[in-house]
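Here the sequence shown is numbered in the numbering used here, starting from 54 and rising by one per residue.
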Amino acid sequence: MENTETASKVTLLDGNITETQLKHWKHKHKRVVKLSIEDDDGTVLFAYFKKPTIAIRSAVLQASKMDEFKALEVLFKNCYLGGDPAIEEEDDLRLNITTSFSDFIQPKPVKIEVL
Numbered sequence: 054m055e056n057t058e059t060a061s062k063v064t065l066l067d068g069n070i071t072e073t074q075l076k077h078w079k080h081k082h083k084r085v086v087k088l089s090i091e092d093d094d095g096t097v098l099f100a101y102f103k104k105p106t107i108a109i110r111s112a113v114l115q116a117s118k119m120d121e122f123k124a125l126e127v128l129f130k131n132c133y134l135g136g137d138p139a140i141e142e143e144d145d146l147r148l149n150i151t152t153s154f155s156d157f158i159q160p161k162p163v164k165i166e167v168l
C-alpha cells in the first residue's frame, strides 16, 4: 500500500497509522500503548491508547458506579488515539480491546512494610 505525504513515501504501521502520527502521540502523551485483537475473520487489528489522566480515571470511576459498559466507553472515548477503523465501528471489538486496556492500566501491586 502506497500513500504520499508531501511528495514522499509514507510507511503505514500496524493499525494504518503513520510513523509521524506515532511520534506525535508519543511526544504529546509520553506513553502510548498498542493493543491487538483478531476479528471474526482472523485479521489482526490494532488500536493505540494513551495513559489516562486522573480526571479520566475519575470519570471512568463515576460511570462505573452506574454502568460498567458505559465506564468502558468513557475510557475508550478519552484514551483511544487511533488504529484500525473496525475497532471503532464494531461493538464487540471495541469492548474487548477496551477491557484489556482497562486491565493493563490497573494500579500495580505495592509492597508495604511497617518499620
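All residues carry an ideal CB built from backbone N, CA and C; glycine is no exception.
Values in this document were obtained by computation on a predicted structure and should not be read as measured data.
Which partner residues does Val-85 have in the DSSP bridge list? Lys-103, per the DSSP bridge assignment.
Within 7 Å (strictly less), CB to CB, does Val-97 reach chain B? No chain B appears in the structure shown, which is made up of a single protein chain.
Residue interval of the alpha helix (DSSP H) (run including Leu-128): Looking at the DSSP string, the run of the alpha helix (DSSP H) that includes Leu-128 is 121-132.
How about the stretch 85-98 and the stretch 112-126: do they share at least three Cβ pairs that are nearer than 8 Å? In this structure the stretch 85-98 does not lie against the stretch 112-126, because fewer than three pairs of beta carbons, one per stretch, are closer than 8 Å.
Under a Cβ-count criterion, where at least 16 other Cβ atoms within 10 Å of its own Cβ denotes burial, should Ile-107 be classed as buried or exposed? Of the other Cβ atoms in all chains shown, fewer than 16 fall within 10 Å of the Cβ of Ile-107; this residue is therefore exposed.
Ile-158 - partner residues in DSSP beta bridges: In DSSP, Ile-158 forms no bridge with anything.
Flag this pair as touching only if the stretch 68-84 and the stretch 122-142 have three or more C-beta atom pairs under 8 Å; answer yes or no. Result yes; three or more Cβ-Cβ pairs closer than 8 Å.
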